[in-house]
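See structure below.
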Amino acid sequence: MHSILAAAPAISVEGGRIAGSIGAGGLATALTIIMIVGIREPKGSAGGGKGRIRKKLTSDQAQWVGITAGTLYMVAGSIWTVGRNLSDAFASVFTNGGFGAAGLGAVSLILAAVLYFREMTPGKAAFTGILAAGVWAQAGGIWGLPQALILTGAHAVGAI
């Protein structure tokens, strides 16, 4: 009887990519799917049968997933420029002179106040988070901190 001893391949993290090769577009897509499945009740779920939702995003979780996804939309480009376009359109309502001399910092403060003080449904919170990510990134200053933290974290794990 012959015995064969085979060693398992060594597990390594190639190039510091803990999560493998994801990319900003892949991560943006995954977060968008998380938002969609995490905020919507499946059709026919009232009967309790198939299609039940396992976990549902809270309003706070949905807003942070939205902020993270919105940040990655700007990095990913391509079809994801829609997120930045929405943020630009929203900000222009306040910065075009109709409200006096209002800058992106004021719009950032408005969005932060809405996210903090208003209890929204998870869908509205996610959408507001996407808007906030674009406005905050353009406003710079202290408003750029969420973008810096998200992108630093994504780079640290090798996701982008």
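Residues in the sequence shown are numbered from 3 upward in steps of one, following the numbering used here. Built from N, CA and C at the ideal position, the CB exists for glycine as well. Everything numeric in this text was worked out from a predicted model, so none of it was measured.
Taking C-beta to C-beta, are residue i and residue j nearer than 8 Å?
i: A93; j: V67; result: no
i: G107; j: A161; result: no
i: R86; j: G136; result: yes
i: T97; j: A104; result: yes
i: T83; j: L33; result: no
For residue i, which residues from the same chain have a beta carbon less than 8 Å from its beta carbon, with the 5 sequence-adjacent residues on both sides left out?
i: L117; result: Q65, A127, T130, G131 and A134
i: L112; result: According to the sequence shown, residue 112 is Ile rather than Leu. Taken in chain order, the residues that qualify are F96.
Helix, strand or coil for residue i, going by three-state DSSP, please let me know.
i: V159; result: coil
i: M122; result: coil
i: T154; result: helix
i: G142; result: coil
i: T73; result: helix
i: A103; result: coil
i: L111; result: helix
i: L133; result: helix
i: L59; result: coil
If distances are taken between C-alpha atoms only, which option among the options comes closest to residue i?
i: I81; options: S23, T31, G25 and A150; result: T31
i: K58; options: A158, N87, T123 and G102; result: T123
i: G28; options: V77, I38 and N87; result: V77
i: I35; options: I152, G125, G143 and A114; result: G125
i: A114; options: G40, D62 and I38; result: D62
i: E121; options: T60, I41 and L88; result: T60
Along the alpha helix (DSSP H) that carries residue i, what are the first and last residues, could you check?
i: F92; result: T83 to T97
i: G40; result: G25 to I41
i: S80; result: Unbroken run through S80: none, as it is neither H nor E.
Considering only residues of the same chain and omitting the five flanking positions on each side of residue i, which have a CB-CB separation below 6 Å?
i: Q149; result: T73 and A139
i: W145; result: S110 and W138
i: A156; result: I162
i: Y75; result: A30, W82 and G85
What I want to know is whether the C-beta of residue i ends up closer than 7 Å to one or more non-hydrogen atoms of the ligand SAH.
i: F129; result: For the structure depicted, the ligand SAH is absent and the ligand set is empty, with no information on it obtainable.
Might you give, ordered along the chain, the residues of its own chain that have their beta carbon closer than 7 Å to the beta carbon of residue i, omitting 5 neighbours on each side?
i: I152; result: T70 and T73
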